[in-house]
Amino acid sequence: MKKFLLAMGSIALAFALTACDDSASSNSDASSTSNNQNNAASSNNGTGANTSNAKKGSFPENGDPNFYCIVTHGEEPDGKIWSEKKFNIPNRQGHVERLTFDADGNGTQYYEDSYYNLNNRNKVAMCMEFNEAVKEKSNKKNFIETYCEGQVSYFIIAFENAPLDELISRTNSFAEDCKWEEKNWEDSQNRQKEDDLYD
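Numbered by mature numbering (1 follows the signal peptide of the UniProt record, and there is no 0), the letters in the sequence shown go through residues -19 to -1, 1 to 180 in order.
Given below as structure tokens:
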């Protein structure tokens, strides 16, 4: 359960950092923010996980065998810019955050967490906590889609008139986030090697 409480902490952080207001519009570019979203079912408006049989998530069922953290940037044909952070921690977690927005501060945030090798009890616990977090924030954030099933959870938030400096600052922080994740991974591997020596 501690793992999932930490996961909810990261979701709460995303809620806090997303510059969305109560009047946010849902007519944004959700379909372009991730290939995963193109296969997603319609929004449940933050009331709980949908139950589509479509493939969900950006990672293999139990993740990739190697650690990586990648930051990419680009521009859509309509002029919107996007930045994405994606990392994989072997045998533990995959994560994606993608921000897409225009010069007026209108856009979407896509935020995904996948946890690997979960038993059924932990899968249920993860989604219960995810849905509770979404419900708590749904009166302040414009969720245009939420999903939690199996080992995957994600949400898409639409926003408008967000301060560009906050959005740019958030996307600029992706590279620092990756450095932090890489250091944590290396430290954990070193600790494991030390433990193996004393076993």
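Just so it is clear, CB atoms sit at the ideal spot from N, CA and C, and this is done for glycine as well. Source: prediction; values computed, not measured.
In angstroms, rounded to a whole number, what distance separates the CA positions of residue i and residue j?
i, j, result
"Tyr96", "Gln74", "5 Å"
"Ala139", "Asn87", "8 Å"
"Asp176", "Glu162", "21 Å"
"Gly60", "Ala84", "9 Å"
"Asn98", "Tyr128", "19 Å"
"Cys50", "Asn100", "26 Å"
"Glu126", "Trp63", "19 Å"
"Glu93", "Ser39", "8 Å"
"Gly44", "His76", "10 Å"
"Lys37", "Phe136", "12 Å"
"Trp166", "Phe82", "31 Å"
"Asn171", "Asp158", "20 Å"
"residue 181", "Asn120", "Since the displayed the chain opens at -19 and closes at 180, residue 181 lies outside it and no answer follows."
"Glu78", "Thr53", "11 Å"
"Leu148", "Lys122", "16 Å"
"Lys160", "Lys66", "12 Å"
"Leu144", "Pro46", "According to the sequence as given, residue 144 is Pro; it is not Leu. So the two alpha carbons sit approximately 39 Å from each other."
"Ile90", "Tyr179", "Sequence inspection shows Gln at residue 90; the Ile mentioned does not correspond to that position. One C-alpha to the other measures close to 45 Å."
"Phe124", "Asn142", "16 Å"
"Ser169", "Asn103", "23 Å"
"Leu80", "Pro58", "16 Å"
"Ser150", "Glu42", "32 Å"
"Phe111", "Lys164", "27 Å"
"Lys174", "Asp146", "43 Å"
Between residue i and residue j, how many whole angstroms is the CB-CB distance? I'm expecting something under 8 Å.
i, j, result
"Asn72", "Phe48", "No, Asn72 and Phe48 are not in contact; Cβ-Cβ is about 10 Å, not under 8 Å."
Going by the DSSP bridge assignment, what does residue i pair with across the sheet?
i, result
"Glu56", "Ile62"
"Ser134", "Asp94, Cys129"
"Tyr49", "Asn69"
"Phe124", "Ile138"
Does any C-beta atom of chain B lie closer than 7 Å to the C-beta of residue i?
i, result
"Glu42", "Absent from the structure is chain B; it holds one protein chain and no more."
### Query
Is the segment 98 to 113 touching the segment 123 to 135 in the sense that three or more CB pairs, one from each, lie closer than 8 Å?
yes
### Task
List in chain order: all unbroken beta strand (DSSP E) runs of 3+ residues lying wholly within the segment 60 to 109.
62 to 70, 74 to 82, 88 to 96
### Query
Touch check for the segment 141 to 157 and the segment 109 to 119: three-plus C-beta pairs under 8 Å?
no
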